[in-house]
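Undergrad: Submitted below is the structure of interest, expressed as C-alpha cells.
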Amino acid sequence: MRKKSNMKKWLVVIAAFLMICIVSTFVTVSGKKVKYEGSGKSGLWVSNLEKSDKTSIGPNYFLNLYWQGSKTDEKRTVVGKITLYIDGQKYDDREGYDLSEYTGEEMPGGGQMEDHIATFDYMPEDEVIGHDVLVKVEWKTGGGKKQTDEIKLYQKPWYKS
C-alpha cells in the first residue's frame, strides 16, 4: 500500500512540474514581440521594428535606426531623411534628424542620450506584420556629399532573441 501511495505522490509531482513547464513555455512564446531587423548594404546602418509597450490604441510598432560606422563619423553624421516603405508604398516621411543628438554619450546635466533614432511611432500592427518592409536613409557625414542606403527588414523568429 505504501508503495502505491509514494508512486501517486511522484506522479502528481511530475505532472505538476510538466504542467508548469508547458504553461511557462506557452507564455514565453506567445508573449514574444514580433521583430523585424535588417542592415544596409554599406554596413553603416542597422534598423529594426519593435512592438511598443504602449498598447492603449492596440498593438503598434516603431522603427529604430542605428549607426554602425566609426565613432568619429558618428558625431559628424546628419540624417536628412528616413523613408519607410511597406509593400513598396511610401508609408510616411520624417526629416531633419541630426545623428549627433543620438550618440549614447553622457549629457551635460547627467543621464545618457540615445544611441539611435526611434521614429514612426504607433504604426498599427496590421500595417506592418506580414508585409515587406524597407527603410531608406539619406545622410551626410561632415561636409561630404549626400549618401543613401536601403535596409530590407526581415522578420526575426521568436527563438532567435
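Heads up: the sequence shown at position 148 corresponds to 142 in my numbering, and the numbers run straight through without jumps. Every residue gets a Cβ at the ideal spot worked out from N, C-alpha and C, and that includes glycine.
1) With DSSP collapsed to three states, give me the class of Ile145.
2) My understanding is that Thr135 touches Asp67, with C-beta atoms under 8 Å, so please give their C-beta distance in whole angstroms.
3) Classify Val127 as buried or exposed, calling it buried when 16 or more other Cβ atoms lie within 10 Å of its own Cβ.
4) So does the segment 59 to 74 actually touch the segment 33 to 48, counting three or more Cβ pairs closer than 8 Å?
5) Going by beta-carbon coordinates alone, are Lys146 and Gly74 separated by less than 8 Å?
6) Between Asp143, Ser(-1), Pro118, Glu132, which lies nearest to Tyr55 when the distance is taken from Cα to Cα?
7) For the ligand GDP, I want to know if Gly52 counts as a neighbour, meaning its beta carbon is within less than 7 Å of at least one of the ligand's heavy atoms.
8) Out of Gly138, Ile80, Val131, point me to the one whose CA is closest to Glu144's CA.
9) Quick one, which of Ser(-1), Lys150, Tyr148, Trp133 has its alpha-carbon nearest Tyr69's?
TA: In this structure, then:
1) Here Ile145 sits in strand by DSSP.
2) Taking the Cβ atoms as the reference, Thr135 lies roughly 5 Å from Asp67, within the contact range of under 8 Å.
3) Looking at its Cβ environment, which holds 16 or more other Cβ atoms inside 10 Å, Val127 is buried.
4) The segment 59 to 74 vs the segment 33 to 48: in contact.
5) Contact: no.
6) Pro118 is the residue among Asp143, Ser(-1), Pro118, Glu132 whose C-alpha sits nearest the C-alpha of Tyr55.
7) Ligands are entirely absent from the displayed structure, and the ligand GDP is therefore not among its contents.
8) The residue with the shortest Cα to Cα distance from Glu144 is Val131.
9) First, the residue type needs correcting, since residue 69 is Lys and not Tyr in the sequence shown. The shortest Cα separation from Lys69 among Ser(-1), Lys150, Tyr148, Trp133 belongs to Trp133.
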